[in-house]
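What follows is one structure encoded as structure tokens, with my remarks underneath.
Number of protein chains: 2
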Amino acid sequence: MPGRCGSQYADHPRRICAAFRRMTIPRQAILDILNTSKHHMSAEDIYLAVHQFYPQIGLATVYRTLELLTQEGLVSRFEFGDHKARYEIVRSDQTHHHHHLICIKCGRVVEYSDFIDEELDLIKRVEAGLTEKYNFNIKTHLIQFYGLCGQCQIQQ
Amino acid sequence: MPGRCGSQYADHPRRICAAFRRMTIPRQAILDILNTSKHHMSAEDIYLAVHQFYPQIGLATVYRTLELLTQEGLVSRFEFGDHKARYEIVRSDQTHHHHHLICIKCGRVVEYSDFIDEELDLIKRVEAGLTEKYNFNIKTHLIQFYGLCGQCQIQQ
DNA sequence: CTCCTTATTGATAATGATTATCATTTGCAT
DNA sequence: ATGCAAATGATAATCATTATCAATAAGGAG
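Now the structure itself:
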């Protein structure tokens with residue numbers, strides 16, 4: 178039931194059109210999963226989730242779709258240090274916006290949204306400055322803190 | 178000529194001791210390269226640089242050493258989206274401190290240090306808040322912006 | 001200074017996430 | 001309805017990183 182490329186996606190129809198030349202069932206399925214999920218997912222997580230209601234899906238399609246969405250800034254790709262990328266849809270209304278706190282010993286990832294407002298305010302200003310100086314059209318940003326979680330501080 | 182673990186490293190001797198149980202020639206060589214380099218390097222870059230004056234070095238040793246240094250927060254690991262990590266020594270005096278601006282189409286990476294002071298000020302405050310709330314001992318942070326560089330904006 | 005324990009090394013094989021390939025299928029403009 | 005290019009799915013290939021293991025060397029004890 179694919180219609181014009183991004184028509185049924187209220188959030189970023191124009192940029193969905195920019196990312197895809199054609200809307201397809203696998204792509205819709207992937208977008209649905211990403212839109213429903215509140216947390217970051219690996220490509221395989223997404224593959225498995227889509228597979229439940231669309232078993233024909235191929236893993237390669239998941240990677241290809243994520244690549245296109247990432248290049249259009251519609252999806253954020255995170256690396257937490259385990260050599261497995263995580264993806265998350267970018268919501269225009271900033272719902273669930275958060276940054277990450279990562280333990281460099283055990284790999285635990287904490288999503289925090291405290292301080293986000295203050296951070297976003299700065300981000301916005303820096304973005305404007307960078308756009309002007311380096312002539313970049315900035316789509317997304319990444320802020321992560323690395324350190325030792327409580328557990329790992331104890332185990333020296 | 179290795180002495181007590183981190184003795185000849187003025188910068189973070191105590192944390193070098195924490196990272197290593199023994200100081201060795203390969204580790205010194207890797208630290209020397211990292212200290213000399215002004216820019217991020219991949220594991221292979223480092224391997225090749227060390228290899229020039231210490232040809233016995235093995236690639237696995239480079240990875241192991243970088244892992245230990247990263248876990249101690251003495252080295253920052255970056256991922257720019259090409260699935261190849263880059264490493265950079267953390268200087269206690271904040272010399273050459275910078276963040277990154279990455280083109281999501283062509284992968285170009287710009288190091289910027291404009292706005293850094295303003296950013297670091299916020300970082301410091303957020304760090305304090307996160308430390309308290311989540312009981313993390315924060316060692317490093319990562320700030321990256323993603324977008325289209327001038328070139329890639331033109332090529333639609 | 002020498003010995004001894006054990007951390008570390010280097011070579012190499014294994015792993016595993018991601019990408020490339022290619023024949024087949026499908027979206028969608030005309 | 002038709003045709004062509006885009007997209008798919010299966011699978012093979014890639015390649016950065018990690019695990020393995022016998023050999024080596026750091027550095028504390030005596």
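Protein chains in written order, with the working numbering: chain A, 178 to 333; chain B, 178 to 333. Each residue gets a CB set at the ideal place from its N, CA and C atoms; glycine is no exception.
| Check | Outcome |
| --- | --- |
| Quick one: which unbroken alpha helix (DSSP H) runs of 4-plus residues sit fully inside the stretch 234–268 of chain B? Chain order, please. | 236–248 |
| Name the two residues that bound the continuous alpha helix (DSSP H) containing C280/B. | No alpha helix (DSSP H) contains C280/B, which is instead part of the beta strand (DSSP E) from 276–280. |
| Please state if the CB of H276/A and the CB of Y323/B are separated by a distance shorter than 8 Å. | no |
| When DSSP labels each residue in this structure, what does K301/A get in the three-state scheme? | helix |
| Anything in the stretch 306–318 of chain B with a Cβ closer than 7 Å to a Cβ of chain A? List those residues in chain order, please. | G306, L307, K310, Y311, N312, F313, N314, I315, K316, T317, H318 |
| Applying the 10 Å Cβ sphere with the 16-neighbour rule, what's the burial state of T242/A? | buried |
| Determine whether the Cβ of V303/B lies closer than 8 Å to any Cβ atom of chain A. | yes |
| Can you give me the Cβ contacts of M178/B inside the same chain, cut-off strictly under 7 Å, excluding the 5 residues immediately before and after it? | Confidence in M178/B is poor, its pLDDT being 46 and thus under 50, which makes the residue's placement too unreliable to answer from. |
| Mind listing the chain A neighbours of Y240/B? Cutoff is C-beta to C-beta under 8 Å, in chain order. | Result: empty, since nearest Cβ-Cβ is about 12 Å, beyond 8 Å. |
| Spell out whether any CB of chain B is found under 8 Å from the CB atom of M178/A. | For M178/A, the predicted structure reports a pLDDT of 46, less than 50, and the residue's modelled location is therefore unreliable. A value from the coordinates is still provided. No, no contact with chain B. |
| Would G284/B be called buried (16 or more neighbouring beta carbons within 10 Å of its own) or exposed? | exposed |
| Is V252/A near L297/A, with beta carbons less than 8 Å apart? | no |
| Could you give the first and the last residue of the continuous alpha helix (DSSP H) run that contains T213/B? | 202–213 |
| Would you kindly check if the distance between the Cβ of Q321/A and the Cβ of I337/A is under 8 Å? | This structure leaves residue 337/A out entirely; chain A is present only between 178 and 333. |
| Per the contact definition of three or more C-beta pairs closer than 8 Å, is the stretch 229–241 of chain A in contact with the stretch 193–209 of chain A? | yes |
| Measure from the alpha carbon of F313/A to the alpha carbon of each residue in G327/B, T308/B, R302/B, then state which is nearest. | G327/B |
| To the nearest angstrom, how far is it from the Cα of F197/A to the Cα of L245/A? | 7 Å |
| Output the distance between the C-alpha atoms of I329/A and I315/B, rounded to the nearest integer angstrom. | The sequence shown places Cys at residue 329/A, rather than the Ile named in the question. Answer to the nearest angstrom: the Cα atoms are 12 Å apart. |
| Which residues bound the beta strand (DSSP E) around F322/A? | 314–325 |
| Apart from the five residues on each side of it in sequence, which residues of its chain come closer than 7 Å, Cβ to Cβ, to R261/A? | It is worth fixing the name first, because residue 261/A is Lys in this sequence and not Arg. Cβ neighbours of K261/A beyond the five flanking positions: S219. |
| Does the Cβ of A226/B have 16 or more other Cβ atoms within 10 Å, making it buried, or fewer, making it exposed? | buried |
| Within 10 angstroms of its Cβ, does S184/A collect 16 or more other Cβ (buried), or is it exposed? | With a pLDDT of only 47 at S184/A, under 50, the local geometry of the prediction cannot be trusted, and the value read off the model is given with reservation. By the neighbour-count rule (16 or more Cβ atoms within 10 Å), S184/A is not buried but exposed. |
| Figure out for me which residue from V287/A, P190/A, Y311/A has the closest Cα to the Cα of F257/A. | V287/A |
| Which stretch, first to last residue, makes up the alpha helix (DSSP H) that contains Y224/A? | 220–230 |
| Using a Cβ-Cβ distance cut-off of 8 Å, determine whether V252/A contacts chain B. | no |
| Exposed or buried, I331/A, counting other C-beta atoms within 10 Å across all chains shown (16 or more means buried)? | exposed |
| For chain A, check one thing: does any of its Cβ atoms lie closer than 8 Å to the Cβ of Q205/B? | no |
| Whose Cβ in chain B lies nearer than 7 Å to the Cβ of L243/A? | Chain B residues near L243/A: none, gap ~12 Å exceeds 7 Å. |
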